[in-house]
Every structure is written in structure tokens, then in C-alpha cells.
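Under this note's numbering, think of the first position of the sequence shown as 305, with each following residue one higher.
Glycine is no exception: its CB is placed at the ideal position from the N, C-alpha and C atoms.
Please read the structure below before turning to the comments.
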Amino acid sequence: MPKVFVTRKVPQKGLDMLLNQEGLEVEIWPEPLPPSRETLAQKARGIDALYCLLTEKIDDALLDAAGPRLKVVSQMAVGVDNIDIAACTRRGIPVGNTPGALTEATADLTLALMLAAARQLLPAAAGVRAGKWGTWDPLGYLGPELFGSTVGIVGLGRIGLAVARRLQGFNARLLYNNPSPGPYAKEVDAQFVDLDTLLAESDFISLHCPLTPETRYLINADSLRKMKSSAILINTARGDVVDQAALAEALQQGVIAAAGLDVTSPEPILLDDPLLTLPNALVLPHIGSASITARQKMATMAAENLLAGLGKKPLPHCVNPEVYN
Ligand code: DGY
305 MPKVFVTRKV PQKGLDMLLN QEGLEVEIWP EPLPPSRETL AQKARGIDAL YCLLTEKIDD
365 ALLDAAGPRL KVVSQMAVGV DNIDIAACTR RGIPVGNTPG ALTEATADLT LALMLAAARQ
425 LLPAAAGVRA GKWGTWDPLG YLGPELFGST VGIVGLGRIG LAVARRLQGF NARLLYNNPS
485 PGPYAKEVDA QFVDLDTLLA ESDFISLHCP LTPETRYLIN ADSLRKMKSS AILINTARGD
545 VVDQAALAEA LQQGVIAAAG LDVTSPEPIL LDDPLLTLPN ALVLPHIGSA SITARQKMAT
605 MAAENLLAGL GKKPLPHCVN PEVYN
């Protein structure tokens, strides 16, 4: 009987798609935290399909531990930087992901971070709870308006576009930077500029690029210095797109005004990370896709990919289609 290992409890709809399959042995990791590397290797031994999350590192060692029966790796996420895709391809293993499922949820959260960081929502709310709301204060918690601002989108793909669409309602001037001009710009009237121009002219800079060797530390001490001192940096992509130590220093020294981060490096962020002590850094625990709709869709898409792979059919959403050549 084919065996599936699911690395965490995911929305039930997705699990049911697997559990309701006849002749499939499904093991679901029951703990709230991911299995350790050793446990994952042990659980993966001899399986036919792996249903995993971005918290698992899927590399040669893990694939070797799983062994030759492994037919598909299905990730419940769109980003797959935790998976060595080339290693999977070498073994003829298709890798599935969930593009589109979390686009709107992540775009919503991006706008939430922009507004919250700009208008100091967290310090303001904390002030109320701490009994520091003395009176209506003409100078209290001032911040810039998103409305009418210039927003630089780094990575105008699906999520970047969804953010841009929302920002049109804020009458924002939109700049974007991609490796090359993209197809979505026209719809949202976004102007393609080089990264330095985007950094220099934007009031808000929002990161939506995948983590690749080229984008690792794309935002570093040097690029932070190119931003306006009033700039607000938003990251809902991957933590390692930003040099976090350089960002903390820039926020401390007023090189830029604020940051809203849904992703960090590592995750969870270390409790002694200086970012957690800064009033102008808003850090969330990677909840961009945490809408009920998005998480259900992600769970079911990942199950669809997995079942297709088990049945030796092309995955509906395959990251390495070259595996079929
Ligand atoms: C993804 O799917 O890559 C997201 O980061 C999950 O929230």
C-alpha cells in the first residue's frame, strides 16, 4: 500500500482528500512543531509521497533517506526555497506547490503592514493598554499617509500585482523592479525602474520576490542607505531577502523610518534579535497566507498535487516540469 507522510496537521479539507483515498496509508505528524531532521528522515523512509511545509528542509540527504519509492514531494506553499529542486529533478521526483492560493491573503497582509508600520498601530495600541493615553495628542503617533505615496514593488509577480491593485485605491504612484519588465505592469500603471531608482524614490518598499541566490540579502546596508530616511520597508517574501542585522542598525540609526516584516531569518526570529526591541520594527510570525480561505486552498491544492504524483499523472502545479522530459 502506498505510504504518505504529512509533516504537520493542515486544514482538514486537505487531509480528508488523502484520508478518504482507499488503499493509501497516511501518517500525519501530530505535533504543533515540525519533526526534527532526524525524525523526518526516519518517517520518510520508504514513503511514496511527502506532503511538506516550508519548515522542512528537503535536500539530498532527506531524499536519500526516503529512498527510491518516493514519487512526489508536495509542498503546501508557493515558495519552495526550502527544497533542493535540482536534487528532486535528478531523481525524477516532481515537486508541487500552491501558486495563486495565497495571493490575496498575502496582499491583504502587506497593506496591513504598510498601514500599521506607517501609523504606528502597535506602539499606539500598547500605549493605550499601558495607561499612557493621556489625552488627544496633536503630536502623538504621527506617520506618513499611504494615500498618494510612491510605492516600490520589488517583484511584480502574482502577489506584487495584487498589492499594486489594492494600492491603486490609495492613489499611489507605483514603481517596480523585476529582472526584466513584466506583463502585469500595464494593468496597474506601474513604472519599471532599476533597483537604485526604486530605493531612492519610494516612500514604501515592498518585497515580493522569491528567495534565490540573486535575491539573498538584496536589501543590505548599502541598499538601505539608498532609501529615503522616511522610507518604510515591508517584507512578506522571505527573511533572507533582507540582511536583518543591517536592517536593525538602519532602523536604530534613522537611516530609514520603519519596517513591517512578516518573515525573518531565522524563523522564529531569535528572541534576542535587536529588531524585537525597536518601536519602529513590526514583526509578525509569517502569517501572510493565514486567511481561512487561503490555507484551505493551499491544503487542497497540495493534496491534489500529491495524489496526481502518486498516480504518475502530471502535477497540476509543478515547480520542476522538466522532470517529465
Ligand atoms: C508561501 O506559500 O510561500 C508562503 O510564504 C506561506 O505563507
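Problem - For C527, the three-state DSSP class (helix, strand or coil) - result: As a working mapping, residue 527 is identified with position 223 in the sequence shown. Checking the sequence, you will find Ser at residue 527 rather than Cys. Look at S527 here: in three-state DSSP terms it is helix.
Handout entry: Beta-carbon gap between M380 and A603 smaller than 7 angstroms
Key = By one-based count along the sequence shown, residue 380 stands at place 76. By one-based count along the sequence shown, residue 603 stands at place 299. In this structure, the beta-carbon distance from M380 to A603 falls below 7 angstroms.
Handout entry: E491 in three-state terms, based on DSSP
Key = On the sequence shown, position 187 is the one that residue 491 refers to. The answer is helix: DSSP assigns E491 an H, G or I state.
Practice task
Could you pull out every residue in the same chain whose Cβ sits closer than 8 angstroms to the Cβ of G592, ignoring the five residues on either side in sequence?
Solution key: The sequence position of residue 592 within the sequence shown is 288, counting from 1. When the five nearest sequence neighbours on each side are left out, the beta carbons in the same chain lying within less than 8 angstroms of the beta carbon of G592 are those of L406, A409, T410, L413, T414, T540, D566 and V567, in order along the chain.
Exercise for the section: Return the residue from the list Q325, L319, G383 and E326 that minimises the CA-CA distance to I332. Expected result: As a first step, residue 332 is located in the sequence shown; it is residue number 28 there, counting from the start. Minimum Cα-Cα distance from I332 among the listed residues Q325, L319, G383 and E326 corresponds to L319.
Practice task
Name the residue from L580, C513 and E449 whose alpha carbon lies nearest to the alpha carbon of S506.
Solution key: On the sequence shown, position 202 is the one that residue 506 refers to. Checked all of L580, C513 and E449; the closest Cα to S506 is E449.
Problem - L328 vs P306 beta-carbon contact at 7 angstroms - result: Here residue 328 refers to the residue found at position 24 when the sequence shown is read from its first residue. Here residue 306 refers to the residue found at position 2 when the sequence shown is read from its first residue. With respect to the 7 angstroms criterion, L328 and P306 are classified as neighbours on the basis of their beta carbons.
Practice task
May I ask which residues mark the beginning and end of the alpha helix (DSSP H) holding E553?
Solution key: Taking the sequence shown and counting its residues from 1, one reaches residue 553 at position 249. Per DSSP, the continuous alpha helix (DSSP H) segment holding E553 begins and ends at Q548 to Q556.
Handout entry: Residue from S340, Q316, R395 and D364 with nearest C-alpha to N624
Key = Residue mapping note: residue 624 aligns to position 320 of the sequence shown, counting from 1. Closest by alpha carbon: R395.
Exercise for the section: Indicate the three-state DSSP secondary structure (helix, strand or coil) for K317 in the structure shown. Expected result: What you label residue 317 is simply residue 13 of the sequence shown in a count that begins at 1. DSSP places K317 in the helix class (H, G or I) of the three-state scheme.
Problem - Test: N524 CB closer than 7 angstroms to a CB of chain C - result: Annotation note: the requested chain C is absent from the structure, which comprises a single protein chain.
Exercise for the section: Starting from E329, follow its DSSP beta bridges and name the residues at the other end. Expected result: Here residue 329 is taken as the residue at index 25 of the sequence shown, counted from 1. K307, per the DSSP bridge assignment.
Handout entry: S593 Cβ short of 6 angstroms to ligand 1 heavy atom set
Key = Stepping through the sequence shown from its first residue, residue 593 is reached at position 289. Residue side-chain check: S593 places its Cβ nearer than 6 angstroms to a non-hydrogen atom of ligand 1.
Practice task
Please find out if some non-hydrogen atom of ligand 1 comes closer than 6 angstroms to the beta-carbon of V382.
Solution key: Counting from 1 along the sequence shown, the entry for residue 382 is found at position 78. Inclusion of V382 in the 6 angstroms shell around ligand 1 follows from its C-beta lying nearer than that to a non-hydrogen atom of the ligand.
Practice task
Give a yes or no on whether the C-beta atoms belonging to N629 and L619 are separated by under 7 angstroms.
Solution key: Residue numbering aside, residue 629 sits at position 325 when the sequence shown is read from its first letter. Residue numbering aside, residue 619 sits at position 315 when the sequence shown is read from its first letter. Not closer than 7 angstroms, so no.
Handout entry: Helix, strand or coil at Q424 according to DSSP, with G and I counted as helix
Key = Along the sequence shown, one-based indexing puts residue 424 at 120. If DSSP states are grouped into helix, strand and coil, Q424 belongs with coil.
Handout entry: From E326, P589 and P334, residue whose alpha carbon lies closest to that of K313
Key = For this step, residue 313 is matched to residue 9 along the sequence shown. Comparing Cα-Cα distances from K313 to each of E326, P589 and P334, the minimum goes to P334.
Exercise for the section: Let me know if G435 comes out buried or exposed under the rule of 16 or more other beta-carbons within 10 Å of its beta-carbon. Expected result: Here residue 435 refers to the residue found at position 131 when the sequence shown is read from its first residue. Label assigned to G435: exposed.
Handout entry: Beta-carbon spacing of L614, A416 below 7 angstroms
Key = As a working mapping, residue 614 is identified with position 310 in the sequence shown. As a working mapping, residue 416 is identified with position 112 in the sequence shown. Their beta carbons are not under 7 angstroms apart, which means L614 does not touch A416 by this criterion.
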